[in-house]
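What follows is a single structure, written as structure tokens, with notes after it.
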Amino acid sequence: MTFYLEGVHCLACLWLIEKLPEMVDNINSSRLDMSKSLVDIELKEGQSQFSFAAQTLNTLGYRPFPISNTSEIKERRKKEDHALLLRIGISAASMMNIMLYSGSIYFGADGKYLKYFGLISFVLCLPVILYCATPFYKSAWASIKNRHINIDVPLALAIIASFAISTFFAFTGSSHHYFDSLATLTFLILSSRYLLRKAQQNGFEKKDLSSFFLQGTIRRRKSDDSIEEIHAEQIEIGDKLVVLPGETVPADGKIIQGETRLNLATLTGESIPVLQKIGSCAFMGSQNVGNQFTFEVEAMHSLTRLGKILNEVEKSSKQRSHYILLTDKISKYFVSAILFLSALSFFVNLYFHGLEEALIRSLSLIIVTCPCALGLATPLVFSRMLSLSAKMGIIVKSECSLETLAKAKNIFFDKTGTLTSGEFEVEEVQLISPSSINFSIEDIIFSLESNSQHPLAHSLVRWSSAKSGKLKRIPWSLYEEVTGRGLRGIYNEKEFEIYTVRGKDDETLVLLTEDMRKIACLKLKDRPRKEASIALCRLRKKGINLFLSSGDKKPIVDHIGAHLGFDHKHRKSELSPEEKAAWIEEHENSIFVGDGANDALAFSKASASIAMQAAVEVSLKTSDAFLCRNDLSLINQLIQNAKQSIKLVKQNLTFSLIYNTIGAYLAFIGLIGPLEAAILMPISSFTVLANTIYGSRQSTMLKKGAL
Amino acid sequence: MEVIKILIPIAIIMGIAFVALFIWSTKNGQFDDLETPSKRMLLDDEKYKK
Numbered sequence: 000m001t002f003y004l005e006g007v008h009c010l011a012c013l014w015l016i017e018k019l020p021e022m023v024d025n026i027n028s029s030r031l032d033m034s035k036s037l038v039d040i041e042l043k044e045g046q047s048q049f050s051f052a053a054q055t056l057n058t059l060g061y062r063p064f065p066i067s068n069t070s071e072i073k074e075r076r077k078k079e080d081h082a083l084l085l086r087i088g089i090s091a092a093s094m095m096n097i098m099l100y101s102g103s104i105y106f107g108a109d110g111k112y113l114k115y116f117g118l119i120s121f122v123l124c125l126p127v128i129l130y131c132a133t134p135f136y137k138s139a140w141a142s143i144k145n146r147h148i149n150i151d152v153p154l155a156l157a158i159i160a161s162f163a164i165s166t167f168f169a170f171t172g173s174s175h176h177y178f179d180s181l182a183t184l185t186f187l188i189l190s191s192r193y194l195l196r197k198a199q200q201n202g203f204e205k206k207d208l209s210s211f212f213l214q215g216t217i218r219r220r221k222s223d224d225s226i227e228e229i230h231a232e233q234i235e236i237g238d239k240l241v242v243l244p245g246e247t248v249p250a251d252g253k254i255i256q257g258e259t260r261l262n263l264a265t266l267t268g269e270s271i272p273v274l275q276k277i278g279s280c281a282f283m284g285s286q287n288v289g290n291q292f293t294f295e296v297e298a299m300h301s302l303t304r305l306g307k308i309l310n311e312v313e314k315s316s317k318q319r320s321h322y323i324l325l326t327d328k329i330s331k332y333f334v335s336a337i338l339f340l341s342a343l344s345f346f347v348n349l350y351f352h353g354l355e356e357a358l359i360r361s362l363s364l365i366i367v368t369c370p371c372a373l374g375l376a377t378p379l380v381f382s383r384m385l386s387l388s389a390k391m392g393i394i395v396k397s398e399c400s401l402e403t404l405a406k407a408k409n410i411f412f413d414k415t416g417t418l419t420s421g422e423f424e425v426e427e428v429q430l431i432s433p434s435s436i437n438f439s440i441e442d443i444i445f446s447l448e449s450n451s452q453h454p455l456a457h458s459l460v461r462w463s464s465a466k467s468g469k470l471k472r473i474p475w476s477l478y479e480e481v482t483g484r485g486l487r488g489i490y491n492e493k494e495f496e497i498y499t500v501r502g503k504d505d506e507t508l509v510l511l512t513e514d515m516r517k518i519a520c521l522k523l524k525d526r527p528r529k530e531a532s533i534a535l536c537r538l539r540k541k542g543i544n545l546f547l548s549s550g551d552k553k554p555i556v557d558h559i560g561a562h563l564g565f566d567h568k569h570r571k572s573e574l575s576p577e578e579k580a581a582w583i584e585e586h587e588n589s590i591f592v593g594d595g596a597n598d599a600l601a602f603s604k605a606s607a608s609i610a611m612q613a614a615v616e617v618s619l620k621t622s623d624a625f626l627c628r629n630d631l632s633l634i635n636q637l638i639q640n641a642k643q644s645i646k647l648v649k650q651n652l653t654f655s656l657i658y659n660t661i662g663a664y665l666a667f668i669g670l671i672g673p674l675e676a677a678i679l680m681p682i683s684s685f686t687v688l689a690n691t692i693y694g695s696r697q698s699t700m701l702k703k704g705a706l
Numbered sequence: 000m001e002v003i004k005i006l007i008p009i010a011i012i013m014g015i016a017f018v019a020l021f022i023w024s025t026k027n028g029q030f031d032d033l034e035t036p037s038k039r040m041l042l043d044d045e046k047y048k049k
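Respectively, the protein sequence lines represent chains A and B.
End of the first sequence = 706 in numbering that gives the first Met the number 0, gap-free, step of one.
End of the second sequence = 49 in numbering that gives the first Met the number 0, gap-free, step of one.
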């Protein structure tokens, strides 16, 4: 049976898992596939199935999740991969066997040997033409039917033409046949396509962005009411899942047991949790801030509300990148230019050097020129960067966004929720008059607030627990939450109330009263995020100007601004949305970072925008990137990723330009024959692919982002 | 050089034989996982001591 194992990451894991048959009697064999994290275990006959195997794996420290039989899609993909590998292998065998005979001809085999070797090469090349190169013909034909010329057209043309010419020469006894080049070309190009395919696969399937919002273990309640732990991949419709306090809901469904509060911030932008009872809907991506509850799954992954939102956003962001548009245009002209140049080369050489030479040189020209940087590498750069960013926790809307983000010179930050955590911290406590009961202020506040789910309550509870080691709970004779006002409790016939007001400088004040008499006043402030100063410092080091724009009152903005290094020119307070947008418009190449919901105008005026903390849908409709974690250092990483993509694209295009110019020239002159051309072209393709893959590896990007 | 009339057929037959083996091993799934065998090779062959 096959299990998906969580926690496999190194050589020691491999050793341990594959030693299972020796460690445990009833296991016959155990084989691990590290790239997929799948282990295949065979048990001895008559053994009690997978609970035993699963337990053993668990004791080793790896969480096992049983995998159902491979679905059709996986089977199909395997068949595709096999077909590609077969083509590569057969063309390689053909190539090398033909070389045996070509080699002899190059060294001067003559007479009947020449003739026979030519015929043998012809026969050996047949599998290549008839089987290995068929993907090229299909692609070229499809594109011609659509009145379009793609990069496979010259390739298919080169292959068919060389084969025809070589056959002609082989049967007339001449030595000018190129079966070896043909087979080599096919082999090397198939290999680079294989490499490209692997590079694209080795990552993350962008189609399921909603899996971001999933965490590791999910608890499913079985029909006998016991709870089993499963992996997100195994959820099925109709499952009854249990969500503990603090966990994120893994799918859409109806609550069947328990009452709780869910924080729907990712969906609606509201950070105040909403009460959910039996029968209400639980949405994927919402956070459980209340009690444990059970719900029945109705929709999963891309069919959930969150999934649909993300899908819509992807579909609607069909704005193609500037560079990709450019490269598409260049490809079209490139291919036509190549065909024109080779025709030109044919006629010029025909005039000066005769038919044979003309054929050889124009063939070499078609073979050596390669638009791979255009058609293959550029899209690969962007798709890898997008999925890499997603892996790091940044959802980028499209390739276009990466381009604009890379050009950024100025970044405008919103204050509340972006630079500050949005959670209030107690800054000052003012004791106004003593309370008449025998409990401390901390005890009273704690006892009042500990049952509330409001974010303010959390900060007050944190404060009181920090202030006093031993908190005493007051046994209220009456306790109620007064909606819209605060909390109320009665003890010893004295009424205690706690509620919030806005101070004169717009700070938040919490007042505690006993029988309408004020006994304490706490000032709460919104503190900056702890990573804020470091992240901002790193951004400044990159040469980017940072600005703080806020609608809050001057003293608070000044205070936070000074703390984070924004001087007078770079901070503005009490701005209306229109004023914010106007300030941004004055600066070119600006990014706006804010909370998606109420900064829509600013978002649209900036060249690029990044949203954090608020609803995914609204954010991604108006902004270019969404941070899945509320971490300002992600901004740094994102900008670095964007800059790196542009750098890679430029490198690839430059290399390609130089290579093609030199290659075409040498072919025209006759310094390169078809064989050399067949080898050089895939090498250039490999080079560009290797540059892309190396330059967009996660380790490379993490290192660069940290500087 | 008449021996070449025997050598060439032998070479071709060997080539075909190896290609057939390759086709079999691909269909058998031996090329599906290219990453793990490289790491597995580095492990020692010691018997596990309980």
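Using N, Cα and C, we set each Cβ at its ideal position, and we do this for glycine too.
Where residue i sits in the DSSP three-state scheme
i	result
D151 (chain A)	helix
C280 (chain A)	strand
L652 (chain A)	helix
Y478 (chain A)	strand
P576 (chain A)	helix
V38 (chain A)	strand
F423 (chain A)	strand
K205 (chain A)	Here K205 (chain A) scores only 41 on pLDDT, less than 50, and its place in the model should not be relied on; the value that follows carries that caveat. The answer is helix: DSSP assigns K205 (chain A) an H, G or I state.
A91 (chain A)	helix
F591 (chain A)	strand
H230 (chain A)	strand
L670 (chain A)	coil
P20 (chain A)	helix
N68 (chain A)	Note that N68 (chain A) scores 49 on pLDDT, short of 50, meaning its location in the model is unreliable; the coordinates nonetheless yield the value given after this. Coil at N68 (chain A), not helix or strand.
F294 (chain A)	strand
Q697 (chain A)	helix
F333 (chain A)	helix
Y177 (chain A)	coil
L459 (chain A)	helix
First through last residue of the beta strand (DSSP E) which encompasses residue i
i	result
P527 (chain A)	R516 to P527
Q256 (chain A)	D251 to Q256
F495 (chain A)	K493 to R501
Q275 (chain A)	V273 to Q275
K239 (chain A)	K239 to V242
L545 (chain A)	N544 to S548
L261 (chain A)	T259 to N262
Terminal residues of the alpha helix (DSSP H) in which residue i lies
i	result
R709 (chain A)	Here chain A has residues from 0 to 706 only, and residue 709 (chain A) is not among them.
F685 (chain A)	P673 to G694
Y115 (chain A)	G110 to P126
Y136 (chain A)	T133 to K144
D557 (chain A)	K553 to L563
E246 (chain A)	Neither: E246 (chain A) is in no alpha helix (DSSP H) and is coded neither H nor E.
Within-8 Å CB hit, residue i to chain D
i	result
A677 (chain A)	Absent here is chain D; the protein component of the structure consists of chains A and B.
Nearest-angstrom Cβ-Cβ length linking residue i and residue j, presumed shorter than 8 Å
i	j	result
A607 (chain A)	I590 (chain A)	5 Å
F178 (chain A)	C124 (chain A)	4 Å
L373 (chain A)	S341 (chain A)	L373 (chain A) to S341 (chain A), Cβ: 18 Å. No contact.
P249 (chain A)	Q291 (chain A)	Between Q291 (chain A) and P249 (chain A) the Cβ distance is about 14 Å, and since that is not below 8 Å, they are no contact.
D31 (chain B)	K197 (chain A)	Not confirmed; about 12 Å, so no contact.
E297 (chain A)	K328 (chain A)	About 46 Å; that fails the 8 Å criterion.
I188 (chain A)	L154 (chain A)	7 Å
Beta-carbon proximity of residue i to residue j, cut-off 8 Å
i	j	result
L4 (chain A)	S36 (chain A)	yes
R526 (chain A)	T419 (chain A)	yes
G172 (chain A)	L118 (chain A)	no
S191 (chain A)	P681 (chain A)	yes
W462 (chain A)	V425 (chain A)	yes
inquiry  = Taking contact to mean 3 or more Cβ pairs, one atom from each stretch, closer than 8 Å, check whether the stretch 383-396 of chain A and the stretch 619-628 of chain A are in contact.
reply    = yes
inquiry  = Closer than 8 Å is the cut-off here; do at least three beta carbon pairs connect the stretch 247-265 of chain A with the stretch 278-286 of chain A?
reply    = yes
Cβ contact check for the stretch 146-162 of chain A and the stretch 179-191 of chain A: 3 or more pairs under 8 Å = yes
request  = Determine contact between the stretch 405-413 of chain A and the stretch 666-686 of chain A, defined as no fewer than three beta-carbon pairs at a distance below 8 Å.
outcome  = no
request  = Check whether the stretch 683-694 of chain A touches the stretch 360-379 of chain A, taking contact to mean three or more Cβ pairs, one atom from each stretch, closer than 8 Å.
outcome  = yes
request  = Inspect the CB distances between the stretch 468-478 of chain A and the stretch 440-454 of chain A and report whether three or more fall short of 8 Å.
outcome  = yes
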